[in-house]
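Just below is one structure, and these are the notes that go with it.
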Amino acid sequence: MQQILNTIDKVDIFGFPVSLLTPAKASLYQSKLGGIITILIGGISITYFLYFIIQWIDRPIPASISIKQQTISYAEFQLSDSIIQLELQDFSGDADPFRKEHNIITPNLYRILNSKIIDKPIPLFSSEDRPFTLSIDKGTIVLNHDSVGIDDHIQMTQLLLVLESCSNLTPVSGSYCAATISQTIMSQFINLQLSKQKHEFKSLGCYLFRIDNISVNESITLPKLGQILAQVGSIVQVIFLLKYIAIYYNNMLLENELLHEIVTMYYPEMKKNKLNLFNQFEYQNQNNLEENVDRTLENFKYKYKAFIKRAKEKCRPNNILYEISRLYIIYHLIIIWKLSSAAESLNGRKIIEQLFRSLIQQRIKQINSQANQFY
Numbered sequence: 001m002q003q004i005l006n007t008i009d010k011v012d013i014f015g016f017p018v019s020l021l022t023p024a025k026a027s028l029y030q031s032k033l034g035g036i037i038t039i040l041i042g043g044i045s046i047t048y049f050l051y052f053i054i055q056w057i058d059r060p061i062p063a064s065i066s067i068k069q070q071t072i073s074y075a076e077f078q079l080s081d082s083i084i085q086l087e088l089q090d091f092s093g094d095a096d097p098f099r100k101e102h103n104i105i106t107p108n109l110y111r112i113l114n115s116k117i118i119d120k121p122i123p124l125f126s127s128e129d130r131p132f133t134l135s136i137d138k139g140t141i142v143l144n145h146d147s148v149g150i151d152d153h154i155q156m157t158q159l160l161l162v163l164e165s166c167s168n169l170t171p172v173s174g175s176y177c178a179a180t181i182s183q184t185i186m187s188q189f190i191n192l193q194l195s196k197q198k199h200e201f202k203s204l205g206c207y208l209f210r211i212d213n214i215s216v217n218e219s220i221t222l223p224k225l226g227q228i229l230a231q232v233g234s235i236v237q238v239i240f241l242l243k244y245i246a247i248y249y250n251n252m253l254l255e256n257e258l259l260h261e262i263v264t265m266y267y268p269e270m271k272k273n274k275l276n277l278f279n280q281f282e283y284q285n286q287n288n289l290e291e292n293v294d295r296t297l298e299n300f301k302y303k304y305k306a307f308i309k310r311a312k313e314k315c316r317p318n319n320i321l322y323e324i325s326r327l328y329i330i331y332h333l334i335i336i337w338k339l340s341s342a343a344e345s346l347n348g349r350k351i352i353e354q355l356f357r358s359l360i361q362q363r364i365k366q367i368n369s370q371a372n373q374f375y
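Residue 73 in the working numbering sits at position 73 of the sequence shown, and the numbers go up by one each step.
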């Protein structure tokens, strides 16, 4: 496990090239946290992509449904293949009330043109194949708010299905009523309190079939591959955010390490501070901090932060060049004094010293002018 943690920074894809500043010869500055983020992002991205692709292939992703409503003024609908069926359920008796022979309830279909019934009713009896069932096999329903036919438009047509009590006064060819109609209706067909009262009309119920003037169009669209990929691509924003965090972490970690090296170069006692995984300095001292008042933890942290701040201010390319130039001057001074000591026995010692001093002064003026330009 420790070997994995020590090599996990090699998979960091968020490293940035600072080969001139890193202590190692690596072309990128990488960290363990960056490697962990790389592994997490890679695993999450692949899992997220495979999850949505499998969902799209197996079709569990719901389709998008769009509903559009509009008002229409004219429409026609042709009835066919028994598209309208009514079936009697939970009937306690065995007798079919809609059959042609021994009829109890006569279902009559009326065609209403505009607001008038113009044709004779069409009886709809049940058959032996489909007992207790009423079906409308053919007919046309028309919606026309103009009420009058215009050009090829048909007048408004509606269908009215009326369930009437069978009566010999309105006989149908081949049909006859049952002998005990009233008892059958009262005891078997309608089990309501109102049905046990005396009625003056023959209708037991009616159904009106018409076209609504509000049209509702539902459009069902299955998700396409492009939509799935676009949804998968939304994770890219999270990846870029984590990438920025990882690069920022690596940058700050490198900066803190360099500043720590500069501080410990001048103050070796500060080497007890170490960077942890979260890029924070921890004081590692096993001795008692109370031995010396000046070395208390708070005082130590304050001093260390002050040194880091000062090092950050001074660790600039112009300051570095200026310090190198100062070292170069000191080196020249050493050489000059060596030459002066070597020429001590010569008469031209003072002349040589004046010559080198004038050269050094000119060099100092050049360095100061360059430093002022940097600042």
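For every residue, glycine included, the Cβ atom is placed at its ideal position computed from N, Cα and C. Note that this is a predicted model, so its numbers are computed, not measured.
Would you identify the three-state DSSP class for residue i, choosing helix, strand or coil?
i	result
E200	Reliability of the predicted coordinates at E200 is poor, the pLDDT of 44 falling under 50, and no value is obtained from them.
I104	coil
F98	coil
L259	helix
I36	helix
I211	coil
T86	The sequence given here has Leu at residue 86, not Thr. DSSP places L86 in strand when its eight states are reduced to three.
R59	coil
S175	coil
K224	coil
S358	helix
Y322	helix
Y331	helix
S31	coil
Y249	helix
Y110	strand
Drop a sphere of 10 angstroms on the beta-carbon of residue i, count the other beta-carbons inside from all chains shown, and report buried for 16 or more, exposed for fewer.
i	result
D96	buried
I320	exposed
C166	buried
L333	exposed
H260	buried
P62	exposed
F98	buried
Q157	The displayed chain sequence assigns Thr, not Gln, to residue 157. With 16 or more Cβ atoms within 10 Å of its Cβ, T157 is classed as buried.
I37	buried
Q362	exposed
A246	buried
Y304	buried
N273	buried
S126	buried
Just to confirm before moving on: does the CB-CB distance between residue i and residue j stay below 9 Å?
i	j	result
A311	I364	no
L163	S203	yes
I136	L79	yes
Y110	L161	yes
L40	L242	yes
I72	I214	yes
N103	P121	no
Y249	G34	yes
S175	T106	yes
I220	S31	no
R210	I154	no
Q55	N217	no
I329	I360	yes
C315	L254	no
I308	N251	no
S45	I239	yes
R59	L208	no
Just curious, the beta strand (DSSP E) that residue i is in, first and last residue?
i	result
I65	64-71
E76	74-79
If we cut at 9 Å on Cβ distances, does residue i have a partner in chain D?
i	result
L79	Considering every chain present, this structure includes no chain D. It has just one protein chain.
Please list the segments of the beta strand (DSSP E) lying wholly inside the stretch 115-169, counting only runs of 3 or more residues, in order along the chain. List check, beta strand (DSSP E) in window: 133-136, 139-144, 157-165.
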